[in-house]
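> In UniProt numbering, the protein residues as written are 1 to 210.
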């Protein structure tokens, strides 16, 4: 049986993809600087150096740009692949450390996107639904990581999941890394130690920061 050959992208398709990327990059800068709600499609077009009709043709609505920004961020962080790696780890301590690494990689790959989603406001019910679904998706992954260790936890599962979500709150990373000068690696070790100590009752490494 002959192998099916994947058709090559045409020049027009490549050009269209490049335009979408340029628009998304411009929007990401503007959303981070001025906020999602305060940024218009016209402003995005000007920042990207394209016509307003090009932005609408490429995305249709501002929330679709936000969705692409989120997808590109997750791809850059290898979030899905790293999730699978965490679940594949048989040792409970290493799995918890993997959960801390997953969070560190997610934030260090695009903490500006986290803040954009946290601060995004819009009257559109479709946009509110998008924001809820993205947040719910992250929480579901985090809760599943902790649930996979249910047989090893020394605290009730809901409490263990709440501890992980609390450590993952954007304000915690912002305070420690962006405001207090911790490195992402130091943040990861701190989260890993806290999870290991509180959820499994196993002392963490407690490495010095300096």
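Glycine included, each C-beta is placed from N, C-alpha and C at the ideal position.
Does the Cβ of residue 192 have 16 or more other Cβ atoms within 10 Å, making it buried, or fewer, making it exposed?
In the chain shown, counting from the first residue as 1, residue 192 sits at position 192. Its Cβ being crowded by 16 or more others within 10 Å, residue 192 is buried.
> Taking residue 92 as the reference, give the member of 44, 70, 16 and 154 with the closest Cα.
For this step, residue 92 is matched to residue 92 along the chain shown. Looking at the Cα atoms, 154 is the closest of the given residues.
> Could you check whether the region 48-61 touches the region 94-112, counting it as contact only if at least three pairs of C-beta atoms, one from each stretch, sit closer than 8 Å?
Cβ pair count under 8 Å is below three, so no.
> Quick one: give me the first and last residue of the alpha helix (DSSP H) that residue 115 is part of.
Residue numbering aside, residue 115 sits at position 115 when the chain shown is read from its first letter. First-last of the alpha helix (DSSP H) with residue 115: 111-119.
> Hey, would you say residue 160 sits closer than 8 Å to residue 146, going by beta carbons?
Within the chain shown, numbered from 1, the residue matching residue 160 stands at position 160. Within the chain shown, numbered from 1, the residue matching residue 146 stands at position 146. Yes, the Cβ-Cβ distance between residue 160 and residue 146 is below 8 Å.
> Quick one: residues in its chain with C-beta nearer than 8 Å to the C-beta of residue 70, no 5 flanking neighbours on either side, listed in chain order?
On the chain shown, position 70 is the one that residue 70 refers to. Correct list, in chain order: 113, 117 and 134.
> State yes or no: is the C-beta of residue 187 within less than 8 Å of the C-beta of residue 173?
Residue 187 sits at position 187 when you count from the first residue of the chain shown. Residue 173 sits at position 173 when you count from the first residue of the chain shown. Result yes, Cβ atoms of residue 187 and residue 173 sit closer than 8 Å.
> Return the CA-CA distance between residue 152 and residue 200, expressed in angstroms with no decimal places.
Numbered from 1 along the chain shown, position 152 holds the residue referred to as residue 152. Numbered from 1 along the chain shown, position 200 holds the residue referred to as residue 200. Each residue's Cα considered, the two are about 7 Å apart.
> If I'm right that residue 184 touches residue 78 with Cβ under 8 Å, what's the distance once you round it to whole angstroms?
Within the chain shown, residue 184 is the residue found at index 184, counting from 1. Within the chain shown, residue 78 is the residue found at index 78, counting from 1. Between residue 78 and residue 184 the Cβ distance is about 15 Å, and since that is not below 8 Å, they are no contact.
> Please state whether DSSP places residue 126 in a helix, a strand or coil.
Taking the first residue of the chain shown as 1, we reach residue 126 at position 126. In this structure, residue 126 counts as helix in the three-state DSSP scheme.
> Which term fits residue 63, buried or exposed, when burial requires 16 or more other beta carbons within 10 angstroms of its beta carbon?
Mapped onto the chain shown, residue 63 falls at position 63. Counting Cβ neighbours within 10 Å, residue 63 comes out buried, since at least 16 surround it.
> For residue 38 versus residue 65, is the C-beta spacing smaller than 8 Å?
The count along the chain shown starts at 1 and reaches residue 38 at position 38. The count along the chain shown starts at 1 and reaches residue 65 at position 65. No, Cβ-Cβ distance for residue 38 and residue 65 is not below 8 Å.
> Cutting at 8 Å between CB atoms, please list the residues of its own chain near residue 119, excluding the five before and the five after it.
Along the chain shown, read from residue 1 onward, the residue named residue 119 stands at position 119. The answer, listed in chain order, is 35 and 36.
> Determine the DSSP secondary structure at residue 72, reduced to helix, strand or coil.
By one-based count along the chain shown, residue 72 stands at place 72. Of the three classes helix, strand and coil, the one that applies to residue 72 here is helix, per DSSP.
> Could you give the distance in angstroms between the alpha-carbon of residue 74 and the alpha-carbon of residue 21?
Within the chain shown, the letter at position 74 stands for residue 74. Within the chain shown, the letter at position 21 stands for residue 21. Straight across, the Cα-Cα distance linking residue 74 with residue 21 is about 15 Å.
> Just checking: is the beta-carbon of residue 103 within a distance shorter than 8 Å of some beta-carbon in chain B?
Judged by its chain identifiers, the structure shown contains no chain B, having just a single protein chain.
> Out of curiosity, what's the CA-to-CA distance linking residue 126 and residue 60?
As a first step, residue 126 is located in the chain shown; it is residue number 126 there, counting from the start. As a first step, residue 60 is located in the chain shown; it is residue number 60 there, counting from the start. Taking the straight line joining both Cα atoms gives about 13 Å.
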